[in-house]
Amino acid sequence: MQVAVIGAGVIGVSTAYFLAEAGHEVVVIERHNNVAEEASYGDSGILAAGSIAPWAAPGVPRAFLSHLLKSEAPVLLNQPWRPSMLGWMRRWMKEADIERYRINRERMQRIGFYSRDIMQLLRERHQLDYEQTPGYLQLFRTERDLQLAKTSFDYLSEHNIPHKVLDAAQAHAIDSALNPNTPLAGALYLPEDEAGNCPLFTRQIRAQAQAMGVEFHFGSEVKSIEESKRGVHLQIDDHSFSAECVVVAGGADSAKLLTPLGLHLPLRAVKSYCATATIRNFESAPVAAVVDEAYKIAITRMGKRIRVAGTAELGSNNTELRQTALNTLLKVGYDWFPDACNYNTAAFWSGSSLALPDGAPLLGACRVRNVYLNIGHGSTGWAMAAGSGKVLADVISGRTPDIDLDGLTPSRYS
């Protein structure tokens with residue numbers, strides 16, 4: 001088949017790779033001039049299938065509200081009183097029920113663990129090196145933070161996911177560079193998870209996809225999608241393009257393409273931030289990927305650099321750098337690894353991804369003929385990218401996917 005993929009982030013490029021592997025003629029359409037120029041560019045680097053979980057969890061809405069008036073917070077609201085924002089927030093809060101949380105987490109981890117297996121196959125097949133580091137350490141500053149995480153700990157135990165709940169001394173033993181002066185009540189260690197460089201991985205997969213015949217059209221923005229007798233018709237800038245089917249994997253811009261098709265999905269742009277700094281003291285740099293659970297900020301090592309990433313700003317999809325968000329990044333970086341680098345001289349970035357109230361992505365065919373979706377991964381896009389791309393290729397090829405797609409398809413919002 002002739003398949004058009006909209007979006008050249010890690011989701012779109014992974015989808016194109018597996019479509020080409022399945023024998024399809026693939027064209028990737030991207031408005032920027034290279035792959036991984038938006039959300040994938042500033043990805044935290046976390047590849048942690050074991051810790052993938054919906055943002056809406058028991059106790060989180062109350063904690064969320066308590067952060068709104070603080071100068072350094074994991075969550076920011078832009079135009080909070082707009083009806084669309086209020087409606088989305090109400091749906092999100094309902095998903096924090098314990099039963100809904102378990103259902104949503106199982107869905108997310110189903111695609112997450114499958115994606116981890118596919119990543120392993122890709123790494124071995126193509127001898128990929130994307131600056132990966134093993135191990136994932138979640139840090140809890142207070143006993144209250146630990147209590148909020150109890151639901152997550154119970155889930156890991158019930159599903160036999162390898163993990164260790166640590167006290168402060170054990171956490172410092174795993175990563176001796178952690179600042180001993182920053183309060184630490186405990187930690188969670190997931191030894192099978194990892195971190196790496198998402199843009200580097202995306203460029204490597206692009207090269208493999210091109211070797212299989214995938215065409216990339218950069219500097220081209222899709223304005224609309226229309227059904228046609230032979231498939232779909234795309235309006236790209238001032239030109240038109242026809243294909244037998246299209247995969248929408250365009251991240252934060254996907255919603256405006258789907259609404260005219262009658263697909264009114266509860267997608268919300270979530271803006272995140274990152275700071276990337278050169279390491280000056282390698283003995284003071286992190287060994288494993290670290291996440292500060294109080295601020296939802298990740299600290300990862302990418303070769304000779306450190307990336308500090310996180311902060312969710314709802315209701316904004318521009319690239320303006322908000323100083324309060326940058327202050328949170330700087331605080332967390334200096335709190336845990338103060339001597340690793342000069343965070344004040346870091347390169348700062350912001351960009352948006354699409355999230356759904358329940359956290360799981362939308363994968364597969366929608367009710368518009370020949371239109372397929374691979375969107376809604378939120379901040380865990382890279383951790384689900386390879387598996388999501390393989391699933392889409394199987395669905396389009398008429399093959400039964402390797403995993404059950406119950407609860408992961410667009411039909412859950414139809």
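Residue numbers for the sequence shown follow UniProt numbering, so the first one is 1 and each next one is one higher.
C-beta atoms are modelled at their ideal positions from N, C-alpha and C, and glycine is treated no differently.
In this text, all values refer to a predicted model and were calculated from it rather than measured experimentally.
If we ignore side chains and look at the alpha-carbon of each, how far apart do residue i and residue j end up?
i           : j           : result
residue 217 : residue 93  : 40 Å
residue 272 : residue 353 : 8 Å
residue 142 : residue 184 : 7 Å
residue 172 : residue 191 : 15 Å
residue 405 : residue 152 : 23 Å
residue 347 : residue 377 : 25 Å
residue 337 : residue 132 : 19 Å
residue 195 : residue 1   : 35 Å
residue 182 : residue 331 : 11 Å
residue 409 : residue 134 : 31 Å
residue 213 : residue 340 : 43 Å
residue 109 : residue 50  : 7 Å
residue 254 : residue 5   : 12 Å
residue 41  : residue 201 : 11 Å
residue 130 : residue 300 : 13 Å
residue 424 : residue 407 : Only positions 1 to 414 of the chain appear in the structure, and residue 424 is not among them; the question remains open.
residue 124 : residue 72  : 41 Å
residue 187 : residue 383 : 21 Å
residue 414 : residue 39  : 27 Å
Nearest CA to the CA of residue i: which residue from the options?
i           : options            : result
residue 412 : 208, 356, 135      : 356
residue 286 : 333, 215, 101      : 333
residue 219 : 17, 37, 403        : 37
residue 122 : 397, 23, 390, 408  : 390
residue 262 : 371, 12, 398, 177  : 371
residue 318 : 165, 351, 292, 308 : 351
residue 24  : 174, 401, 397      : 397
residue 243 : 257, 227, 258, 393 : 227
residue 61  : 402, 97, 85, 236   : 97
residue 392 : 174, 178, 245      : 245
residue 74  : 83, 403, 87, 55    : 55
residue 78  : 91, 236, 269       : 269
residue 29  : 11, 43, 21         : 11
residue 112 : 298, 161, 88, 86   : 161
residue 20  : 105, 206, 249      : 206
Is DSSP giving residue i helix, strand or coil here?
i           : result
residue 41  : coil
residue 32  : coil
residue 151 : helix
residue 161 : coil
residue 142 : coil
residue 265 : coil
residue 131 : coil
residue 46  : strand
residue 137 : strand
residue 392 : helix
residue 56  : coil
residue 405 : coil
residue 106 : helix
residue 95  : coil
residue 72  : coil
residue 4   : strand
Mark residue i as exposed unless 16 or more other C-beta atoms lie within 10 angstroms of its C-beta, in which case mark it buried.
i           : result
residue 144 : exposed
residue 345 : exposed
residue 373 : buried
residue 281 : exposed
residue 323 : exposed
residue 116 : buried
residue 259 : exposed
residue 175 : buried
residue 251 : buried
residue 388 : buried
residue 84  : exposed
residue 15  : buried
residue 380 : buried
residue 127 : exposed
Of all the CB atoms in chain D, is at least one closer than 7 Å to the CB of residue i?
i          : result
residue 61 : In the structure shown, chain D cannot be found, because there is only a single protein chain.
query = If you scan the segment 168-211 from start to end, which runs of the alpha helix (DSSP H) of 4 or more residues do you find wholly inside it?
reply = 168-174, 198-211
key: Secondary structure, beta strand (DSSP E): runs of 3+ residues fully inside the segment 297-384   = 297-302, 305-314, 347-355, 362-365, 371-375
request  = Report the residue ranges of all alpha helix (DSSP H) runs contained in full by the segment 214-301; include only those spanning at least 4 residues, in chain order.
outcome  = 254-258
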